[in-house]
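There are 2 protein chains.
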Amino acid sequence: MIQRLNTPTAAAFFIVSLASLAMAQSGPIIHDAEYDILFEQHAEDWAEQDARVDQRLNELREANGGKPPNIVYILIDDVSFGQMGIPIMNDVSGIATPRINQLAAEGAALTRMYTEVSCTPTRTALLTGRLPVRAGVTDVKGVIVGEGLSAEEVTVAEVLKQSGYNTSHVGKWHQGDINEAFPHNQGFDKAFFPVHQQVQLSLMTPEGARSGNLVGWHSTGQSQGYVIDAFFKPFGLVTGLEAEAGGNAIEVGLEPGEEWTQSHYIEMNERYQRQTLEELDRLASEEEPFFLQYWPLWPINFVQDGEYVSRNGGFQAEKLQVLDGMLGEVFDKVDDLGIGGHTIVILMSDNGLMYQFEGKSGFSQLIYRGGKTQHLEGGVRVDAYIRWPDVIAPGSRMADIVHVSDLFTTFARLGGGKEFIPRDRVIDGIDQTALLLEGDGNGRRDFVYIYEGPVLRSVVKQEYKLHLPAPGAPAATAGVYNLLRDPREMFPFVENSLWSSASFQDMVKRHLKRIAEYPHLPLGTDVPYEGIDNLRPESIKARELFFSRNK
Amino acid sequence: MIQRLNTPTAAAFFIVSLASLAMAQSGPIIHDAEYDILFEQHAEDWAEQDARVDQRLNELREANGGKPPNIVYILIDDVSFGQMGIPIMNDVSGIATPRINQLAAEGAALTRMYTEVSCTPTRTALLTGRLPVRAGVTDVKGVIVGEGLSAEEVTVAEVLKQSGYNTSHVGKWHQGDINEAFPHNQGFDKAFFPVHQQVQLSLMTPEGARSGNLVGWHSTGQSQGYVIDAFFKPFGLVTGLEAEAGGNAIEVGLEPGEEWTQSHYIEMNERYQRQTLEELDRLASEEEPFFLQYWPLWPINFVQDGEYVSRNGGFQAEKLQVLDGMLGEVFDKVDDLGIGGHTIVILMSDNGLMYQFEGKSGFSQLIYRGGKTQHLEGGVRVDAYIRWPDVIAPGSRMADIVHVSDLFTTFARLGGGKEFIPRDRVIDGIDQTALLLEGDGNGRRDFVYIYEGPVLRSVVKQEYKLHLPAPGAPAATAGVYNLLRDPREMFPFVENSLWSSASFQDMVKRHLKRIAEYPHLPLGTDVPYEGIDNLRPESIKARELFFSRNK
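Below, the structure is given as structure tokens:
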């Protein structure tokens, strides 16, 4: 967490954040070792290119009254690669995404964007520019856990805030249930967010019980015979919060004793949409440039509700089509405000589909095999589009490897805040500004390390991908896949991979060595649900039970 | 076969073709029973629409000096759905198809085009407008067989010839090795074609022996120890023929005693490209409208030859990228001749990839599961693009079901020759002219019967697909797949299919009943290689052996 020293803060809050107070720093950013190998080979060319890039960024800033570009970063949930933005693919699934297709046509497709394998880690990677495992973030927390993104981590919002941006977060957050992890304590001036995620918000409802998509949580789903432990099933979870930096949060949209239902979920989705549009209005009227995150909850949904709109009809397919229209309103708003040219709009998914619901949700694996929670390309390759009319030619494509953490570093550069990136830890995010400004082929990453939780499962280099052998198995048996010829990772031809075996093993060694030099930081832990002014009695009770059961 | 009565023909030829001499006929075309069910529901609307369509076709004809449109029909081999024409998908495979992408952008994508499961049947379906099983065509003939497309069949070239078109065929033909089956005896004024296919032309070569892609044919591939039968391996096959309607063929490009090699194959591909461009020049200078088929042999290839051009580098991927540039020359030629507006250019694949070479060829299953020879969507769903500047808006999509046989009937309508479609047999091809003229949602087919050889394996209706149960297995165990939600046909949810079980069984019954009313016609059979003026001695010997071994 970075604070501007002139911002008044509560004393307690100041103490929590003191350790991570970061100032402008110089010296090189510490990247993973594999980047150093690339840098060695290209240092001279990249320095030249960076000079051009800086000049171009200056010109753009001058043309925009001295301000760097606004950034609207839209991250949606669990959508397979190919599911949005490609017109012909809309016909494959019977899901129409005309507005996202239009965004893609007006900007560039980042056709080789890698995320982490699930929601929380991907969001951590974006926020911190680091592999989430380095921040102790390895899995998804859907209930009370007393854990979350540590105050020690420096987020992209903190970097941009420090650089003079106004910052807002609207929608899914999913970085934990402790005060220090909340967005208004991680660099966002304003935040509108649910503490947990869609399993709580759409499945743990009476409608969820009748949806046939998950069995056993709601008491109306079956008789309660033989139930001896009344509290095995999570209850009393906090829902939607709203807060400003330096203040406490309040829970909105649910009264004490009131049951959360699917209609609350619908209302929450509509509220975040409305608040995004309102924030755009507000932010555009300010002097400062802005960074706005809109992380919708839809298309994740587990209940068939409302009028059917798609030919597909699946319970998540439907909501992607609805969301497409909503995102269209956001894009239109950006243009209507007259800020389109110098506002970067990025849209991407946070990981692959929830393949457990494949065939019913309406989503399918399409091109890449696997989905959320898996190191396969289907888990970590996503549709990603970027529109920046002043800079990026309509209908372009960039097939260079980009990892979601690169956005951290790239946003920092674009916002003029690279100096606020910490130098005391590994930053995985690589500055890809040259790629955005000079186009396809100007990427600076040719590798990705893919974790499932705390376990390194795959290493990508160029078009090759090593699936790590099981512990104890000989390295020579590990499969190496050629992703261009075999995008579904079906054929680990030994004869095609033997040449690469040692090179991949070296990559793993280098990566582990750097971890030894810069050990992982711990996940933040604290009393859950602190800093919420109007905690409902049932949430207080749930928290008490959490303590008594986990002492 | 239809002949224009004023065309002089050799007497022998006339006798062969007498049985199929077809004259203008009236009365309804006999379609499969499932179409009648659709027709019943839409007769009135379709009649109205057809009146509009006829008026529009008349206007177009008037604007074009009284002539119907030219048709350039390009059919390529064994390319998976999604492999060409979709820019972002080019990055998935590392195969660039900019010219095909451009064709798609200038015209319409037929996003639900179905073919037959392999080369010969798909081509028969296009040529005859019939499920190939009705013409006795069930499999692929790669060697001497004395079989081929029967003279009894009426081809689209015959229909268009009768309607006043000039007709040419260049490239792969693959409809058998008997004289009556050759293109110049099936309605084409001019024909340039190999008798067999790419296994002979690219694999059965010294380079093929060293390619590692097929083992055992060429004598240099291994020592000949224990070989007792010297003639188990095919030899002496005829290669490329050229002919004009009513005349005999001559073999070109290979001298008696000369060995066929990969460089002959390359030369053949380049020759067909050159001849296509020459034919375009010639045909455009004639008074009559024209129908030109260009059926390239590439991308099928089994040898790594020449300079590498694609990032993928697979031995078929390479040739798709090369072919893309060649097709660009064809598209440019159409435009340069000033006939672009009223020349329909169609490009499609004949079936899915040869999945046996997946991972090595550079092609992969991409979106749909399965490939050539299989009833799965990966076998029969292909990329298909149509450009017709006077009529079709750039960048359109048509997601209606179209079967390759529909092109027969649609071309007949567009060419003003519907009256020449025979009324004494089932024509599976449905007139999709309204779809082309009035766009997405105006298709007249919602079903496909999918055969593997002589066996009905799947029935498609709307987005549902029944995989037929094995003989003797109860119908209730048959899987029904929802292709929008499950494009890879992985999840035969019984609960989603029980409602459709009886409806699908009825579809099968109706289909079989119509076959009983209009039984399949036999495949043509005759002495192989008749009608070739310069048969090489080795071909004569191979034919003799064929007789002595199959008497």
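Those protein sequence lines, which keep their order, are chains Y and R. Take the first sequence: its letters are residues 157 to 707, numbered as in the numbering used here. Take the second sequence: its letters are residues 157 to 707, numbered as in the numbering used here. Idealized CB from N, CA, C, for every residue including glycine. Remember, predicted model here, so these are calculated numbers, not experimental data.
The closest CA to that of R/GLY402, considering only R/GLY343, R/VAL383, R/PRO362 and R/ALA440, is found on R/GLY343.
Counted as a single uninterrupted DSSP element, the alpha helix (DSSP H) harbouring R/ALA207 occupies residues 189 to 219. Per the DSSP secondary-structure output, Y/PHE348 pairs in a beta bridge with Y/VAL326 and Y/GLU398. Assignment of Y/ARG641 by DSSP, reduced to helix, strand and coil, places it in the coil class. R/TRP655 sits in a helix when the DSSP states are folded into three classes. Inclusion of R/VAL538 and R/MET269 in the CB contact set at 7 Å is warranted, their separation being smaller than that value.
Rounded to whole angstroms, the separation of the alpha carbons of Y/THR294 and Y/ASP580 is 21 Å. Among the CB atoms of chain Y, one or more fall inside 7 Å of the CB of R/ARG641. Interface residue (Cβ-Cβ distance to chain Y less than 7 Å): R/ARG601 is not classified as such. For the alpha helix (DSSP H) assignment, the uninterrupted runs of no fewer than 4 residues enclosed by the segment 452 to 532 of chain R are, from N- to C-terminal side, 473 to 492. Y/TRP655 and R/PHE471 have their C-alpha atoms roughly 20 Å apart. Across the set Y/HIS374, Y/VAL326 and Y/GLN429, the C-alpha of Y/VAL326 shows the shortest separation from the C-alpha of Y/VAL351. Under the DSSP definition of a beta bridge, R/PRO684 partners with R/ILE334. Residue range 418 to 441 is occupied by the alpha helix (DSSP H) that includes R/HIS420, with no beta strand (DSSP E) assigned at that position.
Sorting R/ASP188, R/VAL636 and R/PHE519 by C-alpha distance to the C-alpha of R/ALA672 places R/ASP188 at the top. Residues of the segment 502 to 519 of chain R with a Cβ closer than 9 Å to any Cβ of chain Y, in chain order: GLU514, GLY515, LYS516, SER517, GLY518 and PHE519. Between R/THR276 and R/VAL536 the beta-carbon gap is near 14 Å, outside 8 Å, which marks them as no contact. The three-state reading of DSSP puts Y/HIS667 in helix, counting H, G and I together. For the segment 550 to 572 of chain R, the set of positions with a beta-carbon nearer than 7 Å to some beta-carbon of chain Y reads ARG553 and ALA555 in chain order. For R/ILE696, the enclosing alpha helix (DSSP H) begins and ends at 693 to 705. Restricting attention to alpha helix (DSSP H) runs no shorter than 4 residues, the segment 347 to 376 of chain Y encloses them at 362 to 367, ordered along the chain. The alpha carbon of R/GLN331 has as its nearest neighbour, out of R/THR284, R/PHE564, R/GLY263 and R/VAL315, the alpha carbon of R/THR284. At the C-beta level, Y/ASN226 and Y/THR499 come within 7 Å of one another.
Chain order gives no chain R residues near Y/PHE471, where near means a beta carbon separation below 9 Å; the closest approach is about 10 Å. Bounds of the beta strand (DSSP E) holding R/GLU608 are 603 to 608. At a beta-carbon threshold of 9 Å, the residues of chain Y lying near R/GLY250 are ALA555, GLU619, LEU639, LEU640 and ARG641, ordered along the chain. A direct Cα-to-Cα measurement between Y/GLU443 and Y/HIS559 gives close to 32 Å. Contact check for Y/LYS528 and Y/GLY508: beta-carbon distance about 5 Å, within the 8 Å limit, so the pair qualifies. Residue contact check for R/PHE647 against chain Y: a CB pair falls below 7 Å. Within chain Y, not a single residue places a beta-carbon under 9 Å from that of R/GLN211; the smallest gap is close to 29 Å. By alpha-carbon distance to Y/LEU194, the top candidate from Y/ALA261, Y/THR311, Y/GLN618 and Y/VAL394 is Y/GLN618. Between the segment 458 to 474 of chain R and the segment 427 to 445 of chain R, the count of C-beta pairs closer than 8 Å stays below three; the two stretches do not touch. Inclusion of R/ARG255 and R/ASP506 in the CB contact set at 7 Å is not warranted, their separation being larger than that value.
Under the DSSP assignment, Y/SER561 falls outside any beta strand (DSSP E), being part of the alpha helix (DSSP H) whose first and last residues are 560 to 570. DSSP, read as helix, strand or coil, puts R/HIS623 in strand. Ranked by Cα distance from Y/LEU259, the first of Y/LEU624, Y/GLY585, Y/PRO545 and Y/PRO684 is Y/PRO545.
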